Every structure is written in structure tokens, then in C-alpha cells.
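Take a look at the structure below.
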Amino acid sequence: MEQRDTVDDIVEQWSRTRPDLNGEAIGLVGRMRRLNIRVDGALREYFASCGLDSSEFDVLATLRRSGEPYELNARALLKSAMVTSGAITNRVDRLSAKGLVERNPCPSDRRAVLVRLTAAGKDLIDGALAGHVRNEERILAALDDDERALLDGLLRKLLIAHGDTESLLD
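Residue numbering for the sequence shown follows my numbering, starting at -3 and increasing by one per position.
Right, here's the structure in full:
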């Protein structure tokens, strides 16, 4: 018999009390939501071990993957993070206070500010990345390569269907 998860019980309860509802949809979305909570917890725990929260890690990683000089304007950070400008400002303020990023005036627009990784910020994110990827590998360990590829394609299809198609590379 196949092992059951908590969502199986939830779907079974709904099928008894409301057989008119689509138990498959309840199960799939319920599993995605419950898995998201567990994955977020595992990521938060790792980031905390690096002295960061997940939003700070996101900003540092975004700057690092942008390539040298590891500098972006607030608009580019906003596009990547999908949060409000106030949230980006708060994240940058915290990282600046820690000496991990610095703000510099934009040479082409005096009103704009560029956020750049400091040497300490680059060292921290470079040191944290290998452990972060190992943590993600641990999270995915129950899936073989074919299952990972299938899941990746299915999740991409759902994201595209729900409008997550804006390029970060423009």
C-alpha cells in the first residue's frame, strides 16, 4: 500500500462531507501549500545559520548573480523580489547597516540609487551559496533525476499559466 500523507486525510474528509468538490484539486493545491511551508522553514533555518533572513539572502543573491560589478538599481531588485519598493528599501537598509551592501548615486540619473555588494557582502553570499544549494538538494532528495525534471516542467507550466513570465534579464 502506498504511504499516505496528511493531505490524503484532508481529501478523504472532504469527499465524505462534500462529495461534490474536486478532491484532486484540493489535494494538489494542499500539497503545494504544505510543501511550501516546509521548504520555507528549511530555507529560513539555513539562512539564519548564515546570519541572514530569507529576504536579505534574496537581495544578496540577486546582486551576486547580476555579475560584476554586483550592482543593480531598485527597479531591478523589485523585479526579482516581487515586493513593494518599501520592502526593498527596508531590506537594503538592513543589509547596509550590516555592511553587506552600499548605496551609490547613479551616474546617469541623479535621482536614482544603485545598490552594490560590498566585499563583505560578496564574501558572505559566496560562502552561503554552496550550503544553500546543498540544502536544496537535501529538500529534493526524495526525487530521482527524471522525477525532478518532470516536476520542474510541471511547475514551470503552472507558473506560466498564472502569468509569471516577466524576464529578469531585460
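Where a beta carbon is used, it is the ideal one built from N, C-alpha and C, also for glycine. Values in this document were obtained by computation on a predicted structure and should not be read as measured data.
Could you tell me which residues DSSP pairs with residue i in its beta bridges?
i: Asp105; result: Cys102
i: Glu67; result: Arg112
i: Val35; result: Partner(s): none; Val35 has no beta bridge.
i: Val97; result: Leu113
Tell me, to the nearest whole angstrom, how far the beta carbon of residue i is from that of residue j; I am working on the premise that it is less than 8 Å.
i: Val111; j: Leu68; result: 6 Å
i: Ala124; j: Cys46; result: 4 Å
i: Lys75; j: Leu164; result: 6 Å
i: Ala38; j: Asn131; result: 6 Å
i: Leu113; j: Arg61; result: At roughly 11 Å, the Cβ-Cβ gap does not stay under 8 Å, so Leu113 and Arg61 are not in contact.
What does a CB cutoff of less than 8 Å around residue i pick up in its chain, not counting 5 residues either side in sequence?
i: Val55; result: Leu73, Ala77, Ile84, Arg87, Val88, Leu91, Val97, Val111
i: Ser50; result: Asp36, Leu39, Arg40, Phe43
i: Cys102; result: Asn69, Ala108, Val109, Leu110
If you draw a straight line from the C-alpha of residue i to the C-alpha of residue j, how long is it?
i: Gly26; j: Asp142; result: 23 Å
i: Gly127; j: Ile121; result: 10 Å
Taking Cβ positions only, does residue i come closer than 8 Å to chain B?
i: Gly82; result: Protein chains in the displayed structure number just one, and chain B is not present.
Buried or exposed for residue i, going by 16 or more other Cβ atoms inside 10 Å?
i: Leu147; result: exposed
i: Ile33; result: exposed
i: Glu52; result: buried
In its own chain, which residues sit with a C-beta less than 7 Å from the C-beta of residue i, not counting the 5 before and 5 after it?
i: Ala116; result: Gly95, Leu96
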